[in-house]
Amino acid sequence: MPETVMGGQKVRELTFAQAIKEALAEEMRRDSTVCIMGEDVAEAGTPFKVLSGLLEEFGKDRVLDTPISEAGFTGLAVGAAMTGMRPVVDIMFGDFITLTMDQMVNQAAKVHYMSGGKWKVPMVMRTTMGATRRSAAQHSQSLHAWYCHVPGLKVVLPSTPYDAKGLLKAAIRDENPVVFFEDKMMYKMKGSVPEGDYTIPLGVADIKRVGEDISLIATSSMVQVALGAAAMLEEIGISAEVVDPRTMWPLDEKALIDSVKKTSRAIILDEGYERYGVTAELASVIATGAFYDLDAPVKRMGAMHVPIPFSPPLEDLTVPTEQTVFEAARKLCGR
Amino acid sequence: MPETVMGGQKVRELTFAQAIKEALAEEMRRDSTVCIMGEDVAEAGTPFKVLSGLLEEFGKDRVLDTPISEAGFTGLAVGAAMTGMRPVVDIMFGDFITLTMDQMVNQAAKVHYMSGGKWKVPMVMRTTMGATRRSAAQHSQSLHAWYCHVPGLKVVLPSTPYDAKGLLKAAIRDENPVVFFEDKMMYKMKGSVPEGDYTIPLGVADIKRVGEDISLIATSSMVQVALGAAAMLEEIGISAEVVDPRTMWPLDEKALIDSVKKTSRAIILDEGYERYGVTAELASVIATGAFYDLDAPVKRMGAMHVPIPFSPPLEDLTVPTEQTVFEAARKLCGR
Amino acid sequence: MTTATQPTTSQEVALWLRMYRQMVAIREFEGQVNELYTRALMPGLAHLYIGEEAIAVGVCEALERTDYITSTHRGHGHCLAKGASPDQMFAELLGKKAGYCKGKGGSMHIADPATGNLGANAIVCGSAGIATGAAFSANRLGNGRVAVCFFGEGALGQGVLYEEMNLAQLFKLPVIYVCENNLYTEYTHYSECTAGDVLMRAQAFGLEAVSVDGQDVRAVHQTAQRLVDRARSGGGPSFLLCNTYRYHGHHVGDINREYYRSKQEEHMWKTERDPILNMGKWLIEQKHADAPALGRVQQELESEMKKAVEFAVAAPYPNASEVEEDVYA
Amino acid sequence: MTTATQPTTSQEVALWLRMYRQMVAIREFEGQVNELYTRALMPGLAHLYIGEEAIAVGVCEALERTDYITSTHRGHGHCLAKGASPDQMFAELLGKKAGYCKGKGGSMHIADPATGNLGANAIVCGSAGIATGAAFSANRLGNGRVAVCFFGEGALGQGVLYEEMNLAQLFKLPVIYVCENNLYTEYTHYSECTAGDVLMRAQAFGLEAVSVDGQDVRAVHQTAQRLVDRARSGGGPSFLLCNTYRYHGHHVGDINREYYRSKQEEHMWKTERDPILNMGKWLIEQKHADAPALGRVQQELESEMKKAVEFAVAAPYPNASEVEEDVYA
Ligand SMILES: Cc1ncc(C[n+]2csc(CCOP(=O)(O)OP(=O)(O)O)c2C)c(N)n1
Ligand SMILES: Cc1ncc(C[n+]2csc(CCOP(=O)(O)OP(=O)(O)O)c2C)c(N)n1
Ligand SMILES: [Mg+2]
Ligand SMILES: [Mg+2]
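Chains as they are written, first to last, in our numbering: chain A, 858 to 1192; chain B, 858 to 1192; chain C, 54 to 382; chain D, 54 to 382.
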């Protein structure tokens, strides 16, 4: 971990996975009611090894291996959150949130409202998203759009190690159920992360790159794709701004709209299925908010409307790439 | 049932519920592999009495009461559909599809693709949607947007008894898993329904009212709201076109775009939560497809971003009404 | 129930009279709910607990105020037995601001932290996770609390129940799953929905499982007390099957029931198995009360409930602005 | 297994030799899969069935070709035992057009109508509904078929399993739930995930439930045959618990396993409990085969599998245009 100092805090290069673990460890040290539960989270530290070491530091009582019962332990976490704990549940693959929908949507999301504000559910669900891992249709989906649709939930999609740490700490301290989606393909990505405590408020977008000619509004893994495409665009004289909403709900509409008002063109990038997904909401928000400034229709780029295929050459076609984003942006800018 | 004759077929006034039952009965007579299963569907004919009489005609072997196991019998239906049956499953309240997401999304929707086209899943899930029934947050949701997001599924939202019968018959004959959402508040609505066989192809929108100044694109229960608003608008000299996509997937984009190209203004109406829901997709499709024809941003009107409250004066605020649509349309038309 | 060798204590008598009173309270409450429905004063529907009072009362009398319960669509009895106030309950049923949930929850979602009520739930088996989680907290925080999960036998169809029992047993959690088998899930007899053996379904996951006559409040209480004590002292989760009957329809609007159950069956339960009648008879037999005293209990509670209804009817609705409050904490 | 009084028939001997051969086929197939992974020729991962061969073979030998099976992420053994061709399987594992699913499914989704294989499933317990539904069809269509649902003991954590067993018993469906308890769910010992008694979990829903030594192919077969016959003749669903062990990691990449299980444990199973070794020994003891003959079986299958791999490696990928095909039928 190379170190530098940033605003008085030591800064290291950490992987995305290390940033997540650091956030959890810090919060667990700070607050004894924070605990983690999920399949193979303890000795194994998850199949992605994101949590390795937590068991050793915090013990079996706070890092709990569960049976393969996604609905069961998510429901348990809802009740635990209502009664004094701050559980973090780990759903190994985002594809398995199918099994947790009732607990999250009919229970966690509604408890506060249905009780007239009397009970609260301060829990976090961490889960994964992202394709191109050759894992086929049941282990490759990015289903966050479903949770974004549900009042009462907050939804976070970090795109860098720095954001991952700050947003996860904020999520754990939030008084509401928060779903935190981590792209599996980003776990090994490195970035600067300050030591010690900092949080990033939920609901504040981040401009990952300033530009003038087109806004690439991108979530999670698509932020890197957008940055790559922006570099390619620069070479042909197009200046792309990359905006990362970071949280899908609350949504920083103003930041997105302001960017597009400035650039007058936008592409929305998200790894979920394009249809009826996140790209639709963001595109619609922008098409309304920047209506009089848009020089071209907002372009959406999400996953193809197909179950993710196993075969590598097919799978690679299903998600936006630097090249396809570059081409779409060039076309949108009339080049 | 008053009768008239339309194109050689006898036409009766049937309720929405009667139209559904007639479609089922006709298909069950035509095809012995069609069967129905769900909670309280047999003797009780569902709590909404939609299926009353089917047990008597078709017997316990084809009209099956199940335990309260939404995931269980939906999964059973997937396997039955793969192996020669055409099951119709009844999920009493649309809020309970939370429990069926894995079976529908990870199984039903993907079987055909994952098997390289070898297995098929010709099943129908009938379920309900719609608020204002004073049933509170867990019995009032319209969650169809989730299924619309999933490649491999088809999603149908009928808005009249005529459409309900024709679309349900088409859904049952379809070789794919189809989810059919019925608004609970429409079951008693009457409309003309021809006797005997007819189907309405999935993927074809219907213009429910022709107009010139603004397009009200509305689904399910919102079609009646749109028609009511259109009548009010007519009184102040605004001619509204009401377009009903009828199926959310496949989606008849052309019909929606053509209407808006003509009118240059659009409101999208859907009873699901507005955020990250159906209104976003339709608004985005139109904002792109009619980009150069729109005189104002596409307006979205869906359910408020809150769990549905029980208290009647609060609940009534959460969904679009003729009055709120009328006002929004008037404003959009600059009056 | 009390064995011959144990002399009756005055605490016991007080408990029996309190349980009797609580059962009557529930019945009177529910009578008023039916009235409100019939007089079209209540929005939506409600599911009456009449006939099943001995379960809520017998179990909740074995709990501390700080202990937790979760409840169901048929939840008024559980709320009352755990100590809720009829005023705020009726206000909630009418969607009034003075209700337990400011009118946002209604009949199926009454919740009350002050009495440890984690909330009724309109998803069948929807609160098994919540109750298990509350027991998890109690265990981790070491606060000695116990959680009771009430549910109808229809919830036996939901897989999540088995997931929770497995988790509860693995983590040795202080939770008691109380199954109210009233023979019907809406309009279908439970035998059509329930294969095998109910108690074994819990035993298979390692839980202690017992069944009890759900119409005998003393029997329910005694067994519940044992399981609660066991849970509190670290003995782990258990399952209590209570055999009972609902006198009314599935909900207040379910009037014509002959297609799914006979009038004779209903008559038999109401006349021979009524928990209040039988407890009253026993109290009189044992000379712990006389008929006039029991009659007074009924009258007092009837008038208390009527006053509560008046309060609720007169109470104001929430303001429009409140619709968007309480979505996020 | 065969009792002393029954004379051995030539059909029996043929069955035993066939089962031996099938087990070797699976092991050789999986050996090649591991090779493909190690040589970085296979995209993604795979979960090897090595060590568990007796279960797939013993059960599938009790089935007709038209009977149904559903399988899991650890599914190659089930596919092969049900009659799949190694060529098309390897092609699928490499994402090639010639694969069973045109490359779209991969290791975890091989499906084949011709052999009644409804598909492997990457959702733990994801196919319990499908298998139960196939049994439902068989029952309604009266075609006499039986469905077998294979799953690892990890699936015991999923509630839907209990929902399906309940449904199967209520509808008396010809389905057999075959639980392969290989002691681990990924990296966690099953005892950490499984409270109570596994067989009782099925019995509680009214199913006949039996356990068998999953390393003894004749024992598995004999018990499976009885349950299959029972199902076919209308006796309803049953549950077969097979105790077994996976020799390799959870998937091909799970190499360092000491943190969750010991090398001694692995060694013991491989040397003392190996289903192929032990069946081979028994065949020789009983004089149904000699060592060279068994050696030839192994050599034949090894070279068959190598050829199949060559076929798959050489086969072309699907065309880009195919990505949008097969979404809808
Ligand atoms: C998940 C779910 N499925 C179905 C329903 C509809 N429903 C409400 S109550 C009920 C029957 C419940 O029966 P039981 O659990 O025995 O409780 P009881 O009404 O008899 O007290 C059903 C099916 C529901 N609320 N939730
Ligand atoms: C619903 C679901 N949860 C979690 C996983 C991740 N996962 C894949 S295999 C596995 C362990 C399965 O163990 P078991 O059922 O015993 O099968 P085995 O691998 O031992 O054959 C897990 C947790 C999954 N695929 N599906
Ligand atoms: Mg019941
Ligand atoms: Mg296992």
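All residues carry an ideal CB built from backbone N, CA and C; glycine is no exception.
All values reported here derive from a predicted model rather than from experimental measurement.
Query, Result
"Listed by chain order, chain C residues near alanine 928 of chain B by CB distance under 8 Å", "Gly212"
"Members of the segment 295-317 of chain D near chain A, C-beta cut-off 7 Å", "Tyr312 and Tyr313"
"Where proline 345 of chain D falls, given that 16 or more other Cβ within 10 Å makes a residue buried", "exposed"
"Three CB pairs or more closer than 8 Å across the segment 120-130 of chain C and the segment 332-344 of chain C", "no"
"Min CB distance glutamine 995 of chain B to chain C below 8 Å", "yes"
"Selection of the segment 1159-1178 of chain B by Cβ proximity to chain D, strictly under 9 Å", "none"
"Anticipated Cβ contact below 8 Å, valine 968 of chain A with isoleucine 1029 of chain A, distance rounded", "Actually they do not touch by this definition, with Cβ atoms about 18 Å apart."
"Euclidean distance between Cα positions of proline 979 of chain A and glycine 197 of chain C", "22 Å"
"The segment 1083-1098 of chain B in contact with the segment 1175-1182 of chain B per 3-pair CB rule at 8 Å", "yes"
"Where arginine 1122 of chain A sits in the DSSP three-state scheme", "coil"
"Threonine 297 of chain D Cβ short of 7 Å to ligand 3 heavy atom set", "no"
"Three-state class that DSSP yields for aspartate 269 of chain D in the structure shown", "coil"
"8 Å Cβ cutoff met for serine 843 of chain A and glycine 156 of chain D", "Outside the displayed span of chain A (858 to 1192) sits residue 843 of chain A, for which this structure offers no information."
"Own chain residues within Cβ distance below 6 Å of valine 354 of chain C, not counting five before or after", "Before going further, note that residue 354 of chain C is leucine rather than valine in the sequence given. Around leucine 354 of chain C: Val77, Ala78 and Glu81."
"Inter-residue Cα distance where the pair is serine 924 of chain A and tyrosine 237 of chain D", "According to the sequence displayed, residue 924 of chain A carries proline and not serine. When rounded, the distance between both Cα atoms is 11 Å."
"Endpoints, alpha helix (DSSP H) assigned at tryptophan 976 of chain A", "That residue, tryptophan 976 of chain A, is in no alpha helix (DSSP H); it is neither H nor E in DSSP."
"Close-in-space but distant-in-sequence residues of the same chain around arginine 302 of chain D (CB under 7 Å, 5 per side omitted)", "It is glycine, not arginine, that sits at residue 302 of chain D in the sequence shown. Ile308 and Arg310, listed in sequence order."
"Sub-8 Å separation of glycine 249 of chain C and glycine 259 of chain D beta-carbons", "yes"
"Per-residue burial, phenylalanine 1038 of chain A [other beta carbons within 10 Å of its own, 16 or more giving buried]", "buried"
"Assigned secondary structure, aspartate 1031 of chain A (DSSP; H/G/I helix, E/B strand, else coil)", "coil"
"Threonine 125 of chain C: CB within 7 Å of a non-hydrogen atom of ligand 1", "yes"
"Heavy atom of ligand 4 within 7 Å of threonine 241 of chain D beta-carbon", "no"
"Rounded straight-line distance, which links the Cα of phenylalanine 204 of chain D to that of threonine 55 of chain D", "Low confidence applies to threonine 55 of chain D: its pLDDT is 46, below 50, so where it sits in the model is not reliable, and the reading given next is rough at best. Cα to Cα, the separation comes out at about 28 Å."
"Whole-angstrom distance between valine 1013 of chain A and glutamate 913 of chain B, CA atom to CA atom", "52 Å"
"Threonine 91 of chain D - containing alpha helix (DSSP H), residue span", "63-91"
"Three-state secondary structure (DSSP) of methionine 1046 of chain B", "coil"
"CB of leucine 293 of chain C within 8 Å of CB of valine 231 of chain C, strictly", "yes"
"Per-residue contacts from valine 376 of chain C into chain B (C-beta, under 8 Å)", "Met1161, Val1163, Pro1166, Leu1171, Leu1174 and Thr1175"
"DSSP beta-bridge partners of arginine 193 of chain D", "Paired residue(s): none; arginine 193 of chain D is not in a bridge."
"Under the three-state DSSP convention, the category glutamine 875 of chain B falls into", "helix"
"Whole-angstrom distance between lysine 135 of chain C and leucine 1174 of chain A, CA atom to CA atom", "59 Å"
"Partner residues on chain A for alanine 46 of chain C, Cβ-Cβ distance less than 8 Å", "Residue 46 of chain C falls outside the range modelled here, since chain C spans only 54 to 382, and no answer is possible."
"Test item: CB-CB of aspartate 1101 of chain A and alanine 1062 of chain A under 8 Å", "yes"
"Closer than 8 Å at the beta carbon, the chain B residues around aspartate 888 of chain A", "Within chain B, no residue comes near aspartate 888 of chain A; the closest Cβ sits about 28 Å away, beyond 8 Å."
"Through-space distance from glycine 97 of chain C to glutamate 318 of chain C, alpha-carbon basis", "28 Å"
"Chain-ordered chain D contacts of glutamate 216 of chain C [CB-CB under 8 Å]", "Gly210, Gln211 and Gly212"
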